[in-house]
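Residue numbers (the working numbering): 1 to 275.
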Amino acid sequence: MRDPLIIGGREFASRLIVGTGKYKDNAEARAAIEASGADIVTVALRRIEFIERGASPLPAARSASGPLPPLAKPSVLDAIDRDKITLLPNTAGCYTAEEAVRTCRLARELAMGNMVKLEVIGDQKTLFPDNEQTLAAAKLLVKEGFVVLPYTTDDPIFAKKLEDAGCAAVMPLAAPIGSGLGIRNPYNIRIIREVVKVPVIVDAGVGTASDAAVAMELGCDGVLMNTGIAGAKQPVLMAEAMRQAVEAGRKAFLAGRIPRKLYATASSPEHGLLE
Numbered sequence: 001m002r003d004p005l006i007i008g009g010r011e012f013a014s015r016l017i018v019g020t021g022k023y024k025d026n027a028e029a030r031a032a033i034e035a036s037g038a039d040i041v042t043v044a045l046r047r048i049e050f051i052e053r054g055a056s057p058l059p060a061a062r063s064a065s066g067p068l069p070p071l072a073k074p075s076v077l078d079a080i081d082r083d084k085i086t087l088l089p090n091t092a093g094c095y096t097a098e099e100a101v102r103t104c105r106l107a108r109e110l111a112m113g114n115m116v117k118l119e120v121i122g123d124q125k126t127l128f129p130d131n132e133q134t135l136a137a138a139k140l141l142v143k144e145g146f147v148v149l150p151y152t153t154d155d156p157i158f159a160k161k162l163e164d165a166g167c168a169a170v171m172p173l174a175a176p177i178g179s180g181l182g183i184r185n186p187y188n189i190r191i192i193r194e195v196v197k198v199p200v201i202v203d204a205g206v207g208t209a210s211d212a213a214v215a216m217e218l219g220c221d222g223v224l225m226n227t228g229i230a231g232a233k234q235p236v237l238m239a240e241a242m243r244q245a246v247e248a249g250r251k252a253f254l255a256g257r258i259p260r261k262l263y264a265t266a267s268s269p270e271h272g273l274l275e
């Protein structure tokens, strides 16, 4: 069944987006990414260590002021096959619109492309997004030609504001980042799906395969996760489970579930019964 995820005019076969943090090493990260089947992998640019200015860490990456700094040591970038996978640099660790915009500009200079995951945190304990700063950053980045995928709360009104600002998708949280609580407010997610026309990608809080399936059954266009896979006892096996859950949930949504009823309905017809 051909059913691509379309973001900013680009088609992706997989509706699962995965992160690169918290793995024990690059080999495990590489194996999990492959098992997930993801076409898009997100990378926290601010958490990659650089050394003094010299040759660029990525092919053809140059800035107006000369070569960019190379990597200080092997990084998560080494776990990603860039011939097959699209990088989605994210602004994790940013607490202001200015920081987030600067990080996205750096990502583009590093030849990571113009599709970015915008994340502006408002509180260090909960890691909930700062909506005001997120919207300010989104408006500026859209004007500069970025394809913006913002991490946001599950507020339908704010999701609509992000769409109106030109964002290519909205990414409401299911639950706090890394919590594994699953979708805490499925009703808001459904409303968001109704009020915006851009893809809705659940981001944060997915703990296991059933959470991913529920997100897709609600009509979401995709799911982004990191800890749910990397924090599992067997990350590679969990990555495969998440892949299958996203696929199953999407098919169930397209197929259309039966309505919920209080009482039973016989599966077999009553006429023609033997007397």
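C-beta: ideal position from N, C-alpha, C; glycine also.
In the displayed model, G166 falls within coil according to three-state DSSP, outside both helix and strand.
A buried status is given to L149, since no fewer than 16 other beta-carbon atoms sit within 10 Å of its beta-carbon. Rounded to whole angstroms, E109 and E98 show a C-alpha spacing of 17 Å. Counting along the chain, the unbroken beta strand (DSSP E) around T42 starts and ends at I40 to A44. Within the model, the alpha-carbon separation for P172 versus A159 is close to 8 Å. Three or more beta-carbon pairs drawn from the segment 223 to 232 and the segment 187 to 206 are found closer than 8 Å, and the two stretches are therefore classed as touching. Here the C-alpha atom of G231 lies approximately 25 Å from the C-alpha atom of V170. If you draw a 10 Å sphere on the C-beta of A44, you find 16 or more other C-beta atoms in it, and that means buried. In this structure, A35 is the residue among A35, R82, A136 and R184 with its C-alpha nearest to the C-alpha of R243. Under the three-state reduction of DSSP output, F128 falls in the coil class, being neither helix nor strand. Bounds of the beta strand (DSSP E) holding I6 are L5 to I7. The closest CA to that of G93, considering only V142, N114 and G21, is found on G21. In this structure, T103 is the residue among T103, D83 and D81 with its C-alpha nearest to the C-alpha of N90. When secondary structure is reduced to three states using DSSP, G222 falls in the strand class. Counting only residues of its own chain and dropping the five nearest sequence neighbours on each side, S268 has no CB closer than 7 Å to any other CB. Distance from the CA of K197 to the CA of R30, rounded to the nearest whole angstrom, comes to 33 Å.
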